[in-house]
Amino acid sequence: MKKILWPGILLGLIMLVIGMVVDYLFMLIPSVKADYTSEFMRSWQDPIMTLFFLYPFILGIAFAWLWNKTKASFTGKMRGCYFGWLLFFLTTVPGIWITFTSFNLSLLTILGWTVSGFFSAKIAGFFLAKINP
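Last residue of the sequence shown: number 155 in the numbering used here, and the count goes up by one each step with no gaps.
See below:
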């Protein structure tokens with residue numbers, strides 16, 4: 023449990039920071055800011071939005087669990103990198119695909135979420151390979 027829960031929570035914190043930084047940078051683009059303030063998005067004043075911040079922690083724990091189950095399959099110096107690619111293709115790509123095809127959001131908003139997911143997944147792979155070899 024200590025190889026999953028604490029690394030997952032720490033990873034969740036790292037991914038939260040990554041997401042906030044990337045989202046902040048992309049929100050400097052007017053079309054992205056417009057997407058975030060549109061009727062499509064829930065208002066930040068809505069108490070349910072506080073649950074949004076649990077997402078990276080849930081994902082971090084899931085990533086830590088998956089790493090613990092599959093780490094023997096990844097070998098060599100690049101094992102964290104390969105695991106990061108796996109995470110990116112399993113989590114970000116399908117989510118971005120369905121978002122792009124289903125929601126009327128600017129391409130730059132979708133690109134921002136893709137960049138955030140990419141960096142989160144890659145850093146997750148490196149982080150988990152380092153702390154749970």
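Beta carbons: idealized from backbone N, C-alpha and C, even for Gly.
If you draw a straight line from the alpha carbon of residue i to that of residue j, how long is it in whole angstroms?
i	j	result
Trp66	Phe140	25 Å
Ala151	Leu88	12 Å
Asn154	Leu108	17 Å
Looking at the structure shown, is residue i part of a helix, part of a strand, or coil, going by DSSP?
i	result
Thr113	helix
Pro155	coil
Arg64	coil
Met71	helix
Leu33	helix
Ser128	coil
For residue i, is the beta carbon positioned less than 7 Å from some heavy atom of the ligand MN?
i	result
Ile80	Here there are no bound small molecules, and the ligand MN is not part of this structure.
Use the C-beta contact count for residue i: other C-beta atoms within 10 angstroms, 16 or more gives buried, fewer gives exposed.
i	result
Gly147	buried
Ile26	buried
Phe149	buried
Touch check for the segment 117–136 and the segment 47–66: three-plus C-beta pairs under 8 Å?
-> Segment contact: the segment 117–136 against the segment 47–66, three or more CB-CB distances shorter than 8 Å; contact assigned.
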